[in-house]
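*Asks:*
2 protein chains.
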Amino acid sequence: MNRGKLYVVSAPSGCGKGTILAEILKNNQNLFYSVSATTRSPREGEIDGVDYYFIAKEEFEREIENSGMLEYAEFCGNFYGTPKKKVIDKLEQGIDVILEIETIGAMKIKKAMNDAILIFILPPSVSELRRRLNKRGTEEHEIIEKRLKEAADEIKRACDYDYIMMNDELGKAIEDFEAILTASKLTNENNKNMIEEVLKNA
Amino acid sequence: MNRGKLYVVSAPSGCGKGTILAEILKNNQNLFYSVSATTRSPREGEIDGVDYYFIAKEEFEREIENSGMLEYAEFCGNFYGTPKKKVIDKLEQGIDVILEIETIGAMKIKKAMNDAILIFILPPSVSELRRRLNKRGTEEHEIIEKRLKEAADEIKRACDYDYIMMNDELGKAIEDFEAILTASKLTNENNKNMIEEVLKNA
């Protein structure tokens, strides 16, 4: 049995990453979505084990000490990280795993697991991203501009990703994502072992 | 405008390569299928410019001399080759090109054009290939065994291809092929230039 593949997805907020991933997970029942852990308090409507694993700071620090996190980072005094055990278990069971994390965490994963496939989802343009964020109407002008600055910083790091796709039209973006999942398993490194299989009893 | 991508497809006879390619070309009207040239005589039903460009030996030799062939080989006293000009013209027009050639020619192409994408289509097994060839009922036992020997030799060279896929179930094989076409255009090397585009007027 082949080991599962680890996919790491990053995109600035407003790129439609959530919508794309929801569709992909619906169509690929065998893809395991890894939920991150955090020490911040749940916001209204957030569910433990779905949006995040909400854990205490002491527990998070113990996990770090025991190398229990694949990657982690601290933002505004809160920890965010990827619990290692579940990811490794699934991969060893031959199940593909998908992580949704920001670019610095993604780079840490790639360093730790070289065969991870990094996928970056671009917005059509930063000005389009501004339009989308303004349209939501939920945030102040300054906060939107701060997010756009962060988005631009993230986008600059896309150059280190294996695949760079754009969410210009949702249907096309979902197709592109599916194609990456399929084709990344047909590469030479993954399928070289099939050659001997096919030649058996030739 | 991005330069077109060059796809090189190889598969032993009996792998369903023709059926897969026919479907792929039907679904991708912008994919240009490069017809090979040969000095052998047309067989019954073969059409000049469709199955091959049937040209005289002197013309072929002149093309070789003028570096007019991307790759060529001689089998049983006949030349077979890939006319260069049409392929290069299409690529420069941003049109993707697909070549269907044997493994030695494919390696020559990869050497000459490093960004060519090589795709190998495997049969489920050599014994299944034997079954398929026997089922056709058009060839003698010795000829089938000779073909199987050649197939095994070709399959061994699959390890040098970028993508290795299997035609076990036709529908799945067509999907896999489509995914390779799509995903191979979303790789870092192809889309890095999009990053600056997106950041424009940020």
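These protein sequences, in sequence, are chains A and B.
The first sequence maps to residues 1 to 202 in the working numbering.
The second sequence maps to residues 203 to 404 in the working numbering.
For every residue, glycine included, the Cβ atom is placed at its ideal position computed from N, Cα and C.
In this text, all values refer to a predicted model and were calculated from it rather than measured experimentally.
Could you check whether B:Ile382 and B:Tyr365 sit closer than 7 Å to each other, using their CB atoms as the reference points?
*Replies:* For the purposes of this step, residue 365 of chain B is identified with residue 163 of the second sequence, where counting begins at 1. For the purposes of this step, residue 382 of chain B is identified with residue 180 of the second sequence, where counting begins at 1. Taking 7 Å as the Cβ cut-off, B:Tyr365 and B:Ile382 qualify as a contacting pair.
*Asks:* Output the distance between the C-alpha atoms of A:Gly14 and B:Glu371, rounded to the nearest integer angstrom.
*Replies:* By 1-based counting over the first sequence, the position of residue 14 of chain A is 14. By 1-based counting over the second sequence, the position of residue 371 of chain B is 169. Each residue's alpha carbon lies about 39 Å from the other.
*Asks:* So the alpha helix (DSSP H) B:Leu208 belongs to, where does it begin and stop?
*Replies:* Along the second sequence, read from residue 1 onward, the residue named residue 208 of chain B stands at position 6. First-last for B:Leu208: 208-212, but that is the beta strand (DSSP E), not the alpha helix (DSSP H).
*Asks:* Output, in chain order, the set of chain A residues within a Cβ distance shorter than 9 Å of B:Lys358.
*Replies:* Taking the second sequence and counting its residues from 1, one reaches residue 358 of chain B at position 156. Per Cβ cutoff of 9 Å: Ile195, Leu199.
*Asks:* Tell me the DSSP bridge mates of A:Val97?
*Replies:* The sequence position of residue 97 of chain A within the first sequence is 97, counting from 1. A:Leu6, A:Phe32.
*Asks:* Quick one: measure Cβ to Cβ for B:Ile222 and B:Ile323, integer angstroms, because I've assumed they're closer than 8 Å.
*Replies:* Residue mapping note: residue 222 of chain B aligns to position 20 of the second sequence, counting from 1. Residue mapping note: residue 323 of chain B aligns to position 121 of the second sequence, counting from 1. So it is a contact: roughly 7 Å between Cβ atoms.
*Asks:* What's the gap between the Cα of A:Asn78 and the Cα of A:Phe54?
*Replies:* Along the first sequence, one-based indexing puts residue 78 of chain A at 78. Along the first sequence, one-based indexing puts residue 54 of chain A at 54. Their backbone Cα atoms lie some 11 Å apart in a straight line.
*Asks:* For a contact defined as C-beta to C-beta under 9 Å, what are the partners of A:Thr182 on chain B?
*Replies:* Indexing the first sequence from 1 puts residue 182 of chain A at position 182. Per Cβ cutoff of 9 Å: Glu377, Asp378, Glu380, Ala381, Ile382, Thr384, Ala385.
*Asks:* Does any CB atom of chain A fall closer than 7 Å to the CB of B:Tyr365?
*Replies:* Within the second sequence, numbered from 1, the residue matching residue 365 of chain B stands at position 163. At least one chain A Cβ lies under 7 Å of B:Tyr365.
*Asks:* I'd like to know whether the C-beta of B:Asn390 is nearer than 7 Å to at least one C-beta of chain A.
*Replies:* The residue labelled residue 390 of chain B in the question sits at position 188 within the second sequence. With 7 Å as the cut-off, B:Asn390 counts as an interface residue toward chain A.
*Asks:* Please list the partners that B:Cys217 has in chain A, where partner means a Cβ-to-Cβ separation under 7 Å.
*Replies:* Indexing the second sequence from 1 puts residue 217 of chain B at position 15. In chain order: nothing, as chain A lies at least about 10 Å away.
*Asks:* By the criterion of Cβ-Cβ separation under 8 Å, what are the contact partners of A:Pro123 in chain B?
*Replies:* Taking the first residue of the first sequence as position 1, residue 123 of chain A is located at position 123. Those within 8 Å of A:Pro123 in chain B are Val400.
*Asks:* Who pairs with A:Asp48 in a beta bridge, going by DSSP?
*Replies:* For the purposes of this step, residue 48 of chain A is taken as residue 48 along the first sequence, with counting starting at 1. Its beta-bridge partners are A:Tyr52.
*Asks:* If you follow the alpha helix (DSSP H) that A:Leu170 is in, where does it begin and where does it stop?
*Replies:* Translated into positions along the first sequence, residue 170 of chain A becomes position 170. Taken as a continuous stretch (DSSP letters only), the alpha helix (DSSP H) holding A:Leu170 covers 170-183.
*Asks:* Alpha carbon to alpha carbon, how far is A:Arg132 from A:Gly18?
*Replies:* Numbered from 1 along the first sequence, position 132 holds the residue referred to as residue 132 of chain A. Numbered from 1 along the first sequence, position 18 holds the residue referred to as residue 18 of chain A. For A:Arg132 and A:Gly18, the distance between alpha carbons rounds to 14 Å.
*Asks:* For A:Cys159 and chain B, any beta-carbon pair shorter than 7 Å?
*Replies:* One-based indexing of the first sequence puts residue 159 of chain A at position 159. By this cut-off, A:Cys159 is an interface position.
*Asks:* Please tell me whether B:Glu394 has its Cβ less than 7 Å away from any Cβ of chain A.
*Replies:* For the purposes of this step, residue 394 of chain B is identified with residue 192 of the second sequence, where counting begins at 1. Residue identity check: residue 394 of chain B is Lys in the sequence provided, not Glu. Taking Cβ atoms only, chain A reaches closer than 7 Å to B:Lys394, which makes this a yes.
*Asks:* Looking at the structure shown, is B:Ala239 part of a helix, part of a strand, or coil, going by DSSP?
*Replies:* For this step, residue 239 of chain B is matched to residue 37 along the second sequence. Correct three-state label for B:Ala239: strand.
*Asks:* Assuming A:Asp96 and A:Phe32 are in contact, meaning their beta carbons sit under 8 Å apart, how far apart are those beta carbons, in whole angstroms?
*Replies:* Locating residue 96 of chain A in the first sequence gives position 96, counting from the first residue. Locating residue 32 of chain A in the first sequence gives position 32, counting from the first residue. The Cβ separation is near 7 Å, so the contact holds.
*Asks:* Give the C-beta separation of A:Ala37 and A:Gly94 to the nearest angstrom, bearing in mind that I take them to be a contact with Cβ-Cβ under 8 Å.
*Replies:* Along the first sequence, one-based indexing puts residue 37 of chain A at 37. Along the first sequence, one-based indexing puts residue 94 of chain A at 94. Wrong, their Cβ atoms sit about 24 Å apart, outside the cutoff.
*Asks:* On the CB-based measure, 16 or more other CB atoms within 10 Å of its CB, does A:Met1 come out buried or exposed?
*Replies:* On the first sequence, position 1 is the one that residue 1 of chain A refers to. The residue in question, A:Met1, is exposed, as its Cβ has fewer than 16 Cβ neighbours within 10 Å.
*Asks:* Would you kindly report the start and end of the unbroken beta strand (DSSP E) that includes A:Met107?
*Replies:* Position 107 of the first sequence, counting from 1, holds the residue named residue 107 of chain A. Premise fails: A:Met107 lies in the alpha helix (DSSP H), 103-112, not in any beta strand (DSSP E).
*Asks:* For B:Asp378, is the classification buried or exposed, using 16 other Cβ atoms within 10 angstroms of its Cβ as the cut-off for buried?
*Replies:* For the purposes of this step, residue 378 of chain B is taken as residue 176 along the second sequence, with counting starting at 1. The residue is buried, with at least 16 neighbouring Cβ atoms inside 10 Å.
*Asks:* Could you spell out the range, first to last residue, of the beta strand (DSSP E) harbouring B:Ala275?
*Replies:* The residue you call residue 275 of chain B lines up with position 73 of the second sequence. Residues 271-277.
*Asks:* The alpha helix (DSSP H) spanning A:Asn134 covers which residue range?
*Replies:* Locating residue 134 of chain A in the first sequence gives position 134, where the first residue counts as 1. A:Asn134 -> alpha helix (DSSP H) spans 126-136.
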